[in-house]
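Engineer: Just so we're aligned, residue 783 is where the sequence shown starts under the numbering used here, counting upward by one.
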Amino acid sequence: MLRRASLISEHVIDEDGKPGRMFAYRRTVFIVHPSESTVYTLYPQHKANEVIRNPIERLIQRAVKAAERKERREVKRINVRKAELAVERAEAELRCIKSESNRVIAEMNVRINEIDVGLRNLARELIEVQREKTNLMKSVVAYV
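#1: Taking contact to mean 3 or more Cβ pairs, one atom from each stretch, closer than 8 angstroms, check whether the region 908 to 922 and the region 876 to 891 are in contact.
#2: Can you tell me the Cα-Cα spacing of Glu907 and Ile860, whole angstroms?
#3: Can you tell me where the beta strand (DSSP E) with Thr823 in it begins and where it stops?
#4: With distances taken from CA atoms, which of His793, Glu910 and Ala845 is nearest Arg922?
#5: Is Arg803 closer than 9 angstroms to Val794 when the C-beta atoms are compared?
#6: Since Leu876 and Gly900 should fall inside the 8 angstroms C-beta cutoff, what is the C-beta to C-beta distance between them, to a whole number of angstroms?
#7: Who does Thr810 pair with in a DSSP beta bridge?
#8: Between which two residues does the alpha helix (DSSP H) containing Ser788 stretch?
#9: Please identify the residue among Glu853, Arg808 and Gln843 whose C-alpha is closest to the C-alpha of Thr909.
#10: DSSP on Pro801, reduced to helix/strand/coil?
#11: Suppose you measure from the CA of Glu792 to the CA of Glu818; what does that come to, to the nearest Å?
Next up, the structure:
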């Protein structure tokens, strides 16, 4: 574990007042002798000091709310566009059914296929927006 740990500070003191270097890995703190590679204090760190925790929590909450606002905005935009395409598709189907011209029927079938492709792209875009928020929320877990 110590090989993967990150150096936090070169000069700290442990619980007994001995000087050392502080490393951290997966919320575990290692206090290592200043000149040797001997670990003499090891303890889990589940909660940070309020001086550090409060501003970080506010920053995280701000990022979470911004991600949720962005997701809501994008979902609404995508749903509105889907509804518009559904109406356009219905109009094209109606025109296709009413028309007796082979040219108009062919044009409407092409337009219906284009709309279907657009709807599939919007569905993919919706999944990407949701995935982006999910990835951000997974990152938040590291700080909770």
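We put the beta carbon where it would ideally sit given N, CA and C, even for glycine.
Structural biologist: Working from what's here:
#1: Judged by Cβ distances under 8 angstroms, the region 908 to 922 makes no contact with the region 876 to 891, as fewer than three pairs qualify.
#2: Within the sequence shown, residue 907 is the residue found at index 125, counting from 1. Within the sequence shown, residue 860 is the residue found at index 78, counting from 1. Between Glu907 and Ile860, the C-alpha separation is close to 8 angstroms.
#3: If you number the sequence shown from 1, residue 823 lands on position 41. Unbroken beta strand (DSSP E) run through Thr823: Val821 to Pro826.
#4: For this step, residue 922 is matched to residue 140 along the sequence shown. Reading off the sequence shown, one finds Val at residue 922, where the question assumed Arg. Nearest C-alpha to Val922 among His793, Glu910 and Ala845: Ala845.
#5: Here the question's residue 794 lines up with position 12 in the sequence shown. Here the question's residue 803 lines up with position 21 in the sequence shown. Taking 9 angstroms as the Cβ cut-off, Val794 and Arg803 qualify as a contacting pair.
#6: Translated into the one-based positions of the sequence shown, residue 876 becomes position 94. Translated into the one-based positions of the sequence shown, residue 900 becomes position 118. Their Cβ separation, rounded to whole angstroms, is 18 angstroms, which puts Leu876 and Gly900 out of contact at 8 angstroms.
#7: Within the sequence shown, residue 810 is the residue found at index 28, counting from 1. BP columns for Thr810 point to Tyr807 and Pro826.
#8: The sequence position of residue 788 within the sequence shown is 6, counting from 1. In this chain, Ser788 is not harboured by any alpha helix (DSSP H); it is covered by the beta strand (DSSP E) spanning Ser788 to Ile795.
#9: Residue 909 sits at position 127 when you count from the first residue of the sequence shown. The amino acid occupying residue 909 in the given sequence is Ile; Thr does not appear at that position. The candidate whose alpha carbon is nearest that of Ile909 is Glu853.
#10: In the sequence shown, the residue the question calls residue 801 occupies position 19. In the three-state scheme derived from DSSP, where H, G and I count as helix and E and B as strand, Pro801 is classed as strand.
#11: If you number the sequence shown from 1, residue 792 lands on position 10. If you number the sequence shown from 1, residue 818 lands on position 36. Using only the alpha carbons, I get a separation of about 13 angstroms.
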